[in-house]
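Visitor: I have a structure I would like to understand better, so I am pasting it below and will then ask my questions one at a time.
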Amino acid sequence: MKFGIVIFPGSNCDHDAYYALKNNLHFDVQFLWHKDSSIPPDIDCVILPGGFSYGDYLRAGAIARFSPIMNEVVNYAGKGKLVVGICNGFQILTESGLLPGALLKNAGLRFICKDIYIKAVNNNTPFTTLIDSGKVLKIPIAHFEGNFFVDEQTQKELEDNEQIVFKYCEANGEISNKSNPNGSLANIAGITNKRKNVLGLMPHPERYSDPILGCSDGQLIFKSIEYYLNNI
Amino acid sequence: MPMFEAFAKIMLKKGILDVQGKTIENALKTLNLSQISNVRIGKYITFTLEADSFEKASSLANEACDKLLHNPNIENYEFHITLKEDSKQS
């Protein structure tokens, strides 16, 4: 299987994602340029990496969605192909309308860079096939705008369609206010679209994919994608 | 063609917690300005546009606000337009 990682001007987790997928997980990977007007047919999953695309001007992710490659990403997702937006990638997915909601400034008005715990609350997605429901993962976050918000009606739709995939929790899995680092609605850390082929999440699984760092929980998400693609 | 100036104001919707506004409000309280409340932070964006009529200019500015300058999930916008000084003479 092969991953494609989009490089926007200002992406800064593109190489982290490349390293994790190539060196830690031994997948085929290739970079895609934001000005590309096509996605190679052998790409099985597109990653929109973290960073500060276009300097976060206007709103985080607002300008990146006008990059030529984003038209292709929208078409690609429309065909049911897999797309993962990590951090700034998640912000780009909401701005481009591929995912509902928006990422507001953190409730504490601080950039937060630390390890947090998330719980998979839905293992019936391509991104969580190998993650037991209720399993707790330790993954770092690094963002200023990660405070997930949707209106009440959309929240209900997310719940009814089981689109909420990851929630911030304590180390023991308890979902509490204390474990919510940024004020996200209902502790939401990651969601999918209705069709469940597009995932956006604020935590950085690529940053905890190398065992040398003492934690490689992030690998489970990428291995889940591999498992899903090998078994559809 | 006449030139217009557009002034767009973008604010978080009511009911969405404005953490910047809240922080500034707390700072104002430390200045003993506790009479001040409901501080909200937004964006003010100005631009020039070329159009053959006021209506056309208004429609273009509306399109800019609607499609890019605001995020409909969390923000509202309003704008006004004036004819540029040097366009008034021609």
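Chain order of the listed sequences is A and B. The first sequence begins at 4 in the numbering used here and counts up one residue at a time. The second sequence begins at 207 in the numbering used here and counts up one residue at a time. Glycine included, C-beta positions come from ideal geometry on N, C-alpha and C. Everything numeric in this text was worked out from a predicted model, so none of it was measured.
1) Does the beta carbon of T229 of chain B sit closer than 9 Å to a beta carbon anywhere in chain A?
2) What does a CB cutoff of less than 8 Å around K172 of chain B pick up in its chain, not counting 5 residues either side in sequence?
3) Is there a C-beta anywhere in chain A that falls below 9 Å from the one on E242 of chain B?
4) At the level of alpha carbons, what is the spacing between D39 of chain A and P71 of chain A?
5) To which residues of the same chain is G58 of chain A closer than 7 Å at the C-beta, ignoring the five residues directly before and after it?
6) Measuring CA to CA, which of A:L112, A:E162, A:P143 is closest to G53 of chain A?
7) Could you check whether the Cβ of N164 of chain A sits closer than 9 Å to any Cβ belonging to chain B?
8) By Cβ distance below 8 Å, which residues in the same chain neighbour Y21 of chain A in space, the five residues on each side in sequence not counted?
9) Quick one: list the residues of chain B neighbouring F152 of chain A, beta-carbon separation under 7 Å, in chain order.
10) Output needed for K25 of chain A: all residues of its chain with C-beta closer than 7 Å, excluding positions within five of it in sequence on either side, in chain order.
11) Of the residues that make up the segment 255-286 of chain B, which ones have a beta carbon closer than 8 Å to any beta carbon in chain A?
12) Please go through the segment 139-194 of chain A and give each complete beta strand (DSSP E) segment of 3 or more residues, from N-terminal end onward.
13) Tell me which residue opens and which closes the alpha helix (DSSP H) that T97 of chain A is part of.
14) Among residues of its own chain, excluding the 5 on either side of D220 of chain A, which ones have a beta-carbon nearer than 7 Å to its beta-carbon?
15) Given A192 of chain A, which residues of its chain have a CB within under 7 Å of its CB, disregarding the five upstream and five downstream residues?
16) Could you tell me which chain A residues have their CB closer than 9 Å to the CB of V225 of chain B, listed as they occur along the chain?
17) Less than 9 Å separating the beta-carbons of I10 of chain A and H37 of chain A?
18) Taking 9 Å as the threshold (beta carbon to beta carbon), is A65 of chain A in contact with chain B?
19) Consult DSSP for C271 of chain B and reduce its assignment to one of helix, strand or coil.
20) Do you know how far the Cα of Q166 of chain A is from the Cα of A123 of chain A?
21) Do we get a CB-CB distance below 9 Å when we pair R62 of chain A with the residues of chain B?
22) Helix, strand or coil: how does DSSP classify S14 of chain A here?
23) Taking the alpha carbon of C271 of chain B as the reference point, which residue from A:A67, A:R68, A:L61, A:H18 has its own alpha carbon closest?
24) Beta carbon of G104 of chain A, beta carbon of V153 of chain A: below 9 Å?
25) Just list the beta strand (DSSP E) runs in the segment 99-136 of chain A, keeping only unbroken ones of 3 residues or longer that don't cross its boundaries, in chain order.
26) Quick one: measure Cβ to Cβ for I228 of chain A and L96 of chain A, integer angstroms, because I've assumed they're closer than 8 Å.
27) Nearest-angstrom Cα distance between S182 of chain A and F213 of chain B?
28) Should K103 of chain A be flagged as near chain B, meaning a C-beta pair shorter than 9 Å?
29) Locate the alpha helix (DSSP H) running through Y79 of chain A, then write down its first and last residues.
30) Which same chain residues, not among the five before or five after D45 of chain A, have their C-beta less than 6 Å away from its C-beta?
31) Examine chain B for any beta-carbon lying closer than 9 Å to the beta-carbon of E160 of chain A, and answer yes or no.
32) Using a threshold of 9 Å, state whether the C-beta atoms of A263 of chain B and L255 of chain B are closer than that.
Guide: Inspection of the coordinates gives the following:
1) On the second sequence, residue 229 of chain B is found 23 positions in, with the first residue counted as 1. Yes - at least one Cβ of chain A is within 9 Å of the one on T229 of chain B.
2) Lying before the first or after the last residue shown, residue 172 of chain B is absent from chain B, which here runs from 207 to 296.
3) Within the second sequence, the letter at position 36 stands for residue 242 of chain B. Before going on, a small fix: residue 242 of chain B reads as Ile here, not Glu. No, I242 of chain B lies away from the interface with chain A (no Cβ there is under 9 Å from its Cβ).
4) Here residue 39 of chain A refers to the residue found at position 36 of the first sequence. Here residue 71 of chain A refers to the residue found at position 68 of the first sequence. One C-alpha to the other measures close to 6 Å.
5) Position 55 of the first sequence, counting from 1, holds the residue named residue 58 of chain A. Excluding residues within five positions, the ones whose Cβ falls inside 7 Å are G13.
6) If you number the first sequence from 1, residue 53 of chain A lands on position 50. Out of A:L112, A:E162, A:P143, A:P143 has the C-alpha closest to the C-alpha of G53 of chain A.
7) What you label residue 164 of chain A is simply residue 161 of the first sequence in a count that begins at 1. Chain B, which has no Cβ nearer than 9 Å to the Cβ of N164 of chain A, makes this no.
8) Residue mapping note: residue 21 of chain A aligns to position 18 of the first sequence, counting from 1. So the list reads I8, V32, F34, once near-sequence residues are dropped.
9) Your numbering for residue 152 of chain A matches position 149 in the first sequence. Chain B residues near F152 of chain A: I222, I280.
10) As a position in the first sequence, residue 25 of chain A is number 22, starting the count at 1. V32, listed in sequence order.
11) L274, L275, N277, N279, I280
12) 139-146, 150-152, 167-172
13) Taking the first residue of the first sequence as position 1, residue 97 of chain A is located at position 94. Its alpha helix (DSSP H) spans residues 91-98.
14) For the purposes of this step, residue 220 of chain A is identified with residue 217 of the first sequence, where counting begins at 1. Contacts found: L140, K141, I142, Y211.
15) By 1-based counting over the first sequence, the position of residue 192 of chain A is 189. I121, F169, K170, Y171, L204, M205, P206.
16) For the purposes of this step, residue 225 of chain B is identified with residue 19 of the second sequence, where counting begins at 1. Residues of chain A passing the Cβ test: L107, K108, N109, A110, G111, L112, N150, G186.
17) The sequence position of residue 10 of chain A within the first sequence is 7, counting from 1. The sequence position of residue 37 of chain A within the first sequence is 34, counting from 1. A contact, by the Cβ cut-off of 9 Å.
18) Walking along the first sequence from the start, residue 65 of chain A turns up at place 62. True, the Cβ-Cβ gap to chain B drops below 9 Å.
19) Position 65 of the second sequence, counted from the start, is the residue given in the question as residue 271 of chain B. Helix, per DSSP.
20) Numbered from its first residue, the first sequence carries residue 123 of chain A at position 120. Numbered from its first residue, the first sequence carries residue 166 of chain A at position 163. Approximately 11 Å between the Cα atoms of the pair.
21) For the purposes of this step, residue 62 of chain A is taken as the residue at position 59 of the first sequence. Interface residue, yes.
22) The residue given as residue 14 of chain A occupies position 11 in the first sequence. Strand at S14 of chain A.
23) As a working mapping, residue 271 of chain B is identified with position 65 in the second sequence. Nearest of A:A67, A:R68, A:L61, A:H18 to C271 of chain B, Cα basis: A:L61.
24) On the first sequence, residue 104 of chain A is found 101 positions in, with the first residue counted as 1. On the first sequence, residue 153 of chain A is found 150 positions in, with the first residue counted as 1. For G104 of chain A and V153 of chain A, yes; Cβs fall inside 9 Å.
25) 105-107, 115-123
26) Within the first sequence, numbered from 1, the residue matching residue 228 of chain A stands at position 225. Within the first sequence, numbered from 1, the residue matching residue 96 of chain A stands at position 93. Rounded, the Cβ-Cβ distance is 16 Å, inconsistent with contact.
27) Position 179 of the first sequence, counted from the first residue, corresponds to residue 182 of chain A. Position 7 of the second sequence, counted from the first residue, corresponds to residue 213 of chain B. Whole-angstrom Cα-Cα distance: 41 Å.
28) In the first sequence, counting from the first residue as 1, residue 103 of chain A sits at position 100. The question names Lys, but residue 103 of chain A is Pro in the sequence shown. With 9 Å as the cut-off, P103 of chain A counts as an interface residue toward chain B.
29) Indexing the first sequence from 1 puts residue 79 of chain A at position 76. Per DSSP, Y79 of chain A belongs to the alpha helix (DSSP H) from 71-81.
30) Working through the first sequence from its first residue, we reach residue 45 of chain A at position 42. Within the same chain, D45 of chain A has close Cβ partners K5.
31) Indexing the first sequence from 1 puts residue 160 of chain A at position 157. By this cut-off, E160 of chain A is not an interface position.
32) As a first step, residue 263 of chain B is located in the second sequence; it is residue number 57 there, counting from the start. As a first step, residue 255 of chain B is located in the second sequence; it is residue number 49 there, counting from the start. Yes, Cβ-Cβ distance for A263 of chain B and L255 of chain B is below 9 Å.
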